[in-house]
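Right, one structure below, let's go through it.
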Amino acid sequence: MIVSHNELVAVVNKAFLGMRRHCGEADVIANMVADLQMVGLNGVRHFNNASSFLSFDSDCAVSITNSTPTSFDVELHNGSVACHLPAVLDFALEKMVGNKSITIQLKRCHNRWLAFSELVRLSAKGIACRAQWTNGTSPKRTLYVLNRGCIAPEVFFSDQIEADNPDYHSMLIELSVSDFDIKTSSDGYAIHIDSEELSRAQKASWQEGIFVEDNEWEALKRSATVFLVENSEQSAQGAGELA
Amino acid sequence: MDAHRSTYKETKLRNAEIVMAPERLGAMHQNRISFVRSLIRKMAHQQWQVTKHEWQLCTRGFGHVIYKLATPEHVYHLVVFCDEIADHERNDRVIAEKWDVTFALVKGDVDVNLLERLRANVPLQEAGRNPNNVLVLARANKSVRVFEHLVSALAKGQQPDPKELADVGYILRTTAVYGNGKFGIADFKLLEDNPDFNQSFSAQMCAVYMLREFSLDWVHFLAEQQGGEQAISLHRGLQRYLGVGNATGLGMAPYLINHPCIVDQWMTSREKAIGQVLAMPCDLQYYDGLRGLINKAICHLTQVITINEHQDLLNDKALAELKTLNENLWLMMSQHSNWSSLIEQTTTMSLEAQEILTSCLIELYPELVDEFENQMNTEEALSIPGGKTVQDLLNVLEENYRWAIDADYSLAENNYWFWYRSQDKEEPRLGVRGQEQGEERELPLDIGRQVNRLYHAISACPAITSLAEFLLQSPQYRAITRRVWTLGHREMGDIQMNVLREDALPMHLLRCKLAIFGATKFDPRSDRWVRVTFFQGAPLLDEINDDNYMDTWIFPLMPNQDEVDRSENQPIAGGQTL
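Pasting the structure below:
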């Protein structure tokens, strides 16, 4: 299925609004999904996965722990990264004033892929980002590196897990006013998706439309119908009488 | 000499409380930087060429037609499909499934494969899928009365009764004109670097203007089919008087609420244009011009027919006030040093009359005003800068959102309506809270109520609390905070309307957007649904470069019967000729 950007954003927006959640901003999340989908990183699939679980999470504010001038932990209470990351990053940037870097550990969180869009925005503001997490299924480890001013990240995957007791529900985000060394950062990662490739995919999505797998699109559209109200005679009059 | 040199000087803008009040938005009229006006100027200045490319209609007028549009930069085609539908299928609401005419504006050429794809999808509208070289997807229904009257009269070699046309003002009435990525067509982003259509809604306006030409060609074609050599061409003045109708319902209202930066930009550009004009001296050399325009507005209002009693009363009141204004105009202009001062003296007039006067004044100063037609686009991002405190946000709220924070949302009247979308083609509707089903799926269009809640929430926080910290702990307020901060730092900001309030009139929102587009002849069919006309009075395609017609069509007037009677009837030229 080829869809337009506006169409994709509108459908995600409706789907998220239909969930009637306390936390999370529909327009921001819609752009997270679209940005990820446009570079070919399955934004719609990640959102659809998230949708299945959003109704089970705590839908409450995050808690900040272990705060130091250069780091802090965020307890998401099984919440989605999509719903909290923008506010967490605003908070992190304020803490960065006076420091050149900060490390954020997101704990008990889901949908880490959806962080992509917000991190790209930060790099456009002159903040370099490095984000990594471990997953229960392949690819086991994922790393984004987005140096300052980059419009797409270098993405790395590995199926080798280094820790003895890997935490499958956390995400480490490092922000810095200096660029990260990509070679050192990606040591141990076997697969590399070049930022150029992502940029090409994004450009093609604008020019030719955005490719979304048919089943994912259908699932998304179904989610977007949740907020629709059943038709009735009385309802039909709610649009105004016809002359 | 630089022809595009800006003449802009910083001037004081009217207060947002005045400009963004719903009642004033609901009294707006077309002006010279409305989208239809700027499109026609651009087409004229750049000598855009429109030609009939294919005319494949059967003798009954069904089939397809293609018009080619050539600009200095690109080639486009308007592909029009005409289908036979039963009278009972002709419905202006979004829930309709068949239309007399469906059409698409396509960038580039239309080969056989593309034509077949369009034929299979364009008539389906929302239910079809079109490629992203389609810029605009739209549909229209006939005014059956005007259509049949025109064809019948012209076929007999007679001019139609102008009064029959005046009642309606168009042959075809669009019921939706989609752009910007709707149903898979091209996103507006693809047009950002296209000098032809890089202004928002310009592609849609162009498609509608070309449809107007088609509507005239269509009746001429059918008149010729019926009358043969006896058939005549419609009097050019009457052709010019026929625009394209439009039926707009509640669906337009959420757009204005969900795109606040765009609305602010439109209103700010208009206010800057007004500000430039109001700073000018009341030079008596403008007396004749202004008086003429006000007279034109008076005649126009006299000719506007609406079934809506309230609008009719407003029109009558404005008529009387404008007549009085014209009688005293010389004296008033002599007494005031500049237009701003004169305008202050006219604030006792109704909003309709005030807005008409504003549109007339803008018309006098193209050299000051026209540059703003290119300042209608804007970024839509809503954001909060770092380093702000709760006190900073309180300041923004108290300065810009008194309309929302002073309202008492514990009163039922302030929460009377809820907005929702129906399963019926997602049509936006209004329901009465507590009485109708769907309240739990209410659309978040309640900006005033959200602002009010935000205000009370932050008022309970220490003023020095970091805003970032507050939002981390109260994430439910982040979206409205982004909006308030962004709009609170723009010139006009949010529309100052509680759309949940019992006496809120969505019509004000519809009128605002339609006036920005350049609609005329506002004919509300209810408080949620309005018929208007676009391009009424606009030059015909072959006279677009004629200074007598190109930019003189504000407040369109019907030619009088004598004028029609005096002119010699002309044979139909090119009804089906390519």
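These protein sequences, in sequence, are chains A and B.
Residue numbers in the first sequence follow this note's numbering, run continuously in steps of one, and reach 235 at the last position.
Residue numbers in the second sequence follow this note's numbering, run continuously in steps of one, and reach 668 at the last position.
Glycine included, every Cβ here is placed at the ideal spot set by N, Cα and C.
All values reported here derive from a predicted model rather than from experimental measurement.
Residue-chain proximity (E86 (chain A), chain B), Cβ-Cβ < 8 Å: yes
8 Å Cβ cutoff, E200 (chain A) in contact with chain B: yes
CA-to-CA distance, M11 (chain A) to S47 (chain A), given in whole angstroms: 7 Å
Identity of the residue in A:K132, A:G141, A:C142, A:D159 nearest F148 (chain A) by Cα: The shortest C-alpha to C-alpha distance from F148 (chain A) to any of A:K132, A:G141, A:C142, A:D159 is the one to A:K132.
Length of the line joining the Cα atoms of V291 (chain A) and V54 (chain A): A question about residue 291 (chain A) goes unanswered here, because the residues of chain A that appear run from -7 up to 235.
Beta-carbon spacing of A211 (chain A), N40 (chain A) below 8 Å: yes
Cross-strand partners of E144 (chain B) (DSSP beta bridge): B:I156
Enclosing alpha helix (DSSP H) for C372 (chain B) [first to last residue]: Careful: C372 (chain B) lies outside any alpha helix (DSSP H) and carries neither H nor E.
Complete alpha helix (DSSP H) runs within the stretch 402 to 481 of chain B (minimum length 4 residues, chain order): 429 to 435, 441 to 453, 456 to 459
Interface flag, P534 (chain B) vs chain A, CB-CB below 8 Å: yes
Host beta strand (DSSP E) of L520 (chain B) (start-end): 518 to 522
Pick from B:L441, B:L631, B:N635 that is closest to C296 (chain B), judged by C-alpha positions: B:L631
N467 (chain B) versus B:T358, B:D482, B:N505, residue with shortest Cα-Cα distance: It is B:T358.
E17 (chain A) - DSSP class collapsed to helix/strand/coil: coil
Under 7 Å from the C-beta of F219 (chain A): neighbouring residues of chain B: R511, R531
S191 (chain A): CB within 7 Å of a non-hydrogen atom of the ligand MG: In the structure shown, the ligand MG is absent, as is every other ligand, since no ligand is present at all.
Residue burial classification, Q226 (chain A) (beta-carbon count within 10 angstroms, cutoff 16): exposed
Any chain B beta carbon closer than 8 Å to Q226 (chain A): yes
Under 7 Å from the C-beta of G270 (chain B): neighbouring residues of chain A: Reading the sequence as shown, one finds Asn at residue 270 (chain B) and not Gly. Contact of N270 (chain B) with chain A by beta-carbon distance below 7 Å involves N(-2).
Residues bridged to D593 (chain B) (per DSSP): D593 (chain B) is not bridged to any residue.
Beta-carbon neighbours of A79 (chain A), restricted to chain B and to distances below 8 Å: A558, L561, L562, P565, R568
Best match in A:S(-4), A:A2, A:N103 for proximity to S43 (chain A) [C-alpha to C-alpha]: A:N103
Burial state of W420 (chain B) (16 or more Cβ within 10 Å): exposed
Beta strand (DSSP E) runs contained entirely in the stretch 63 to 118 of chain A, provided each spans 3 or more residues: 63 to 72, 93 to 102
Assigned secondary structure, H184 (chain A) (DSSP; H/G/I helix, E/B strand, else coil): The answer is strand: DSSP assigns H184 (chain A) an E or B state.
Alpha carbon of A7 (chain A) to alpha carbon of S215 (chain A), nearest angstrom: 5 Å
Secondary structure of D655 (chain B), DSSP reduced to three states: helix
Top-ranked residue by Cα proximity to K87 (chain A), from A:L28, A:A193, A:S59: A:S59
Residue(s) in a DSSP beta bridge with L135 (chain A): A:Q124, A:F148
Alpha-carbon to alpha-carbon, L306 (chain B) and E488 (chain B): As the crow flies, the alpha-carbon of E488 (chain B) is around 54 Å from that of L306 (chain B).
Residues within the stretch 20 to 37 of chain A neighbouring chain B, beta-carbon criterion of under 9 Å: Within the stretch 20 to 37 of chain A, the residues whose Cβ lies closer than 9 Å to some Cβ of chain B are V20, listed in chain order.
Cut-off 7 Å between Cβ atoms - residues of its own chain near S449 (chain B), not counting five sequence neighbours on either side: Cβ neighbours of S449 (chain B) within its own chain (closer than 7 Å, five residues either side excluded): H119, Q120, N121, I644.
For P285 (chain B) and L380 (chain B), the rounded distance between their alpha carbons: 34 Å
Residues that V(-5) (chain A) contacts on chain B, provided the C-beta gap is smaller than 7 Å: G274
Reference L648 (chain B), options B:R114, B:Y345, B:A245, B:I388, closest by Cα: The residue asked about is misnamed: residue 648 (chain B) is Met in this sequence, not Leu. Of the candidates B:R114, B:Y345, B:A245, B:I388, the one whose C-alpha sits nearest the C-alpha of M648 (chain B) is B:I388.
8 Å contact criterion, which L340 (chain B) and P518 (chain B) should meet: CB distance rounded: About 5 Å; that satisfies the 8 Å criterion.
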